[in-house]
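One structure is given below, encoded as structure tokens.
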Amino acid sequence: MRQLLAWSLAAAAALTAAPAPTAAAAPSNCPRLSTSWYGDNRAHLQRVIDSYGTCSGHRGAVAAFDWDNTVTKNDVTDATLSWALRHDALPRPARWKDTSAWMTAARDRALTAACDTGADGSLRTSDRSRCTDEIVEIREKGTTTSGAAAFAGTWNHRRTVPRYAWVPQLFAGRTPAQLSSYAAAARTEALAAPVGATRTLGTHTVPAYVRYYDQQRDLIRTLRRAGFRVYIVSAGSEPVTEVWSRGVGVDAAHTIAIRSVLDQRGRITTRNEGCGGTGANKGEVIPYIDGKRCWINQDVYGIRGPAAWRKQPRGQRIAVGAGDADTDVTFVSDATGAHLVLDRHKAELMCRAHDDADGRWVINPMFIEPLPRRTDPYPCSTTAYNAPDGGHTPLLRPDGSVVPDQAGTVY
Numbered sequence: 025m026r027q028l029l030a031w032s033l034a035a036a037a038a039l040t041a042a043p044a045p046t047a048a049a050a051p052s053n054c055p056r057l058s059t060s061w062y063g064d065n066r067a068h069l070q071r072v073i074d075s076y077g078t079c080s081g082h083r084g085a086v087a088a089f090d091w092d093n094t095v096t097k098n099d100v101t102d103a104t105l106s107w108a109l110r111h112d113a114l115p116r117p118a119r120w121k122d123t124s125a126w127m128t129a130a131r132d133r134a135l136t137a138a139c140d141t142g143a144d145g146s147l148r149t150s151d152r153s154r155c156t157d158e159i160v161e162i163r164e165k166g167t168t169t170s171g172a173a174a175f176a177g178t179w180n181h182r183r184t185v186p187r188y189a190w191v192p193q194l195f196a197g198r199t200p201a202q203l204s205s206y207a208a209a210a211r212t213e214a215l216a217a218p219v220g221a222t223r224t225l226g227t228h229t230v231p232a233y234v235r236y237y238d239q240q241r242d243l244i245r246t247l248r249r250a251g252f253r254v255y256i257v258s259a260g261s262e263p264v265t266e267v268w269s270r271g272v273g274v275d276a277a278h279t280i281a282i283r284s285v286l287d288q289r290g291r292i293t294t295r296n297e298g299c300g301g302t303g304a305n306k307g308e309v310i311p312y313i314d315g316k317r318c319w320i321n322q323d324v325y326g327i328r329g330p331a332a333w334r335k336q337p338r339g340q341r342i343a344v345g346a347g348d349a350d351t352d353v354t355f356v357s358d359a360t361g362a363h364l365v366l367d368r369h370k371a372e373l374m375c376r377a378h379d380d381a382d383g384r385w386v387i388n389p390m391f392i393e394p395l396p397r398r399t400d401p402y403p404c405s406t407t408a409y410n411a412p413d414g415g416h417t418p419l420l421r422p423d424g425s426v427v428p429d430q431a432g433t434v435y
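Add 24 to a position in the sequence shown, counting from 1, and you land on the number used in the working numbering.
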């Protein structure tokens, strides 16, 4: 079933001055959505645009969108990594252990054994499937091909995930311009591939195509025409995300992702910029779960230091948040008007969405190759919450009550 988008994008107020949605009909010349949506979602979205945009005399409300599998089908950082592996574009680090603060000895040995270096210092991955296999397995599962853990140690599981942080670190030694050129080549290739196409990387089968969702592109365009400030916030690499976000009219200044620290020669290093009082680090803090809230508070609202980790008063929160996975749950939950969710069966996010505590959660199937209805309820009351220590515990409402298990109803 290819049903289109969601269930209720009710009121979207980002500024304290923004009023509650009104039922009055908006003037016919207001910016209008032009694509088809699942159920009555188009009407809900249009009410948000009419009530909180320029047609009601307001300007400056913020809408924030995750990127991968929210604005596009499939992951654009993965598409870029795929292109780089097939074109020997990755530099070989002097020591693999230097690329991540959590690299295990097993991973170091596996990569050192599998990955040779070319004459120019680049990895020979285009014709060396063992090296490609190790890199893809670590990116996908966080393990080596032998099944050993690739990462070990302590990290806050609501602020980072080492295998996400590792991808920009793989490009250490290249410049942002080089990485952008790889992303642009991968974009051209992925948009030309037919929907459903796959390719083989080593022994792994991965998607070969990416598509912009027409409905999200239309929503972003209409929001911007109605005076909303639209941001992208992603746990991907920022130079890569910027190449793609231009395709929906969002510039680099409004694109937030993992920002690598550059060396004195302008080359990417294994460190990234921090947020919420943390300085440059080796991946301990990235735009991931609570990190996405932090970067929105910091970059959009100018909130610095530890306060950036906290939920802000209504006037300093986004009006509309859109995501597809648990990595998005915090910032999407912060939205004052509408929490837009594409259903990929991610437990913490979908528990929040189906519980719909404030009546503003909007659930939608993926626009391309949507998942079937989930047969079992989401385990909200037992293991849905992703705890900072890596455990899984019951999901709580703001009042401390436990969210009961929820059945999937939109597909």
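Every residue gets a Cβ at the ideal spot worked out from N, C-alpha and C, and that includes glycine.
Counting only runs that start and end inside the segment 377-430, the beta strand (DSSP E) elements of at least 3 residues fall at 385-389. Boundaries of the alpha helix (DSSP H) around Thr-265: 262-269. In terms of CA proximity to Ala-137, Trp-120 leads the group Val-100, Trp-120, Gly-145. For Leu-247, the secondary structure class from DSSP, reduced to helix, strand or coil, is helix.
Here the C-alpha atom of Arg-397 lies approximately 30 Å from the C-alpha atom of Ser-106. The beta carbon of Arg-66 sits closer than 6 Å to those of Leu-57, all from its chain and outside the five residues before and after it, given in chain order. The alpha-carbon separation between Lys-306 and Asp-99 amounts to approximately 22 Å. Of the candidates Gln-322, Ala-343, Thr-128, the residue whose Cα lies closest to the Cα of Pro-186 is Thr-128.
Excluding its 5 nearest sequence neighbours in each direction, Val-257 has C-beta neighbours in its own chain below 7 Å: Ala-88, Asp-90, Ile-280, Pro-311, Lys-316, Trp-319, Ile-320, Phe-355, listed in chain order.
In this structure the segment 292-301 does not lie against the segment 207-220, because fewer than three pairs of beta carbons, one per stretch, are closer than 8 Å. The DSSP-derived three-state label of Arg-182 is coil. Around Ala-377, the same chain offers Val-365, Trp-385, Ile-387 as residues with beta carbons nearer than 6 Å, after the five sequence neighbours per side are excluded. Note that the C-beta distance between Asp-314 and Arg-183 is below 8 Å. The segment 343-354 makes no contact with the segment 322-332: fewer than 3 CB pairs, one atom from each, lie closer than 8 Å. Taking all protein chains in view, the Cβ of Thr-417 is surrounded by fewer than 16 other Cβ atoms within 10 Å, so the residue is classified as exposed. Residue pairing of Met-127 in beta bridges, as defined by DSSP: Phe-175. In the DSSP assignment, Gly-315 falls within the alpha helix (DSSP H) that extends over 314-323.
Of the residues Asp-413, Pro-192, Arg-421, Tyr-435, the one whose Cα lies closest to the Cα of Gly-177 is Asp-413. Here Thr-94 is buried, its C-beta having at least 16 other C-beta atoms within 10 Å.
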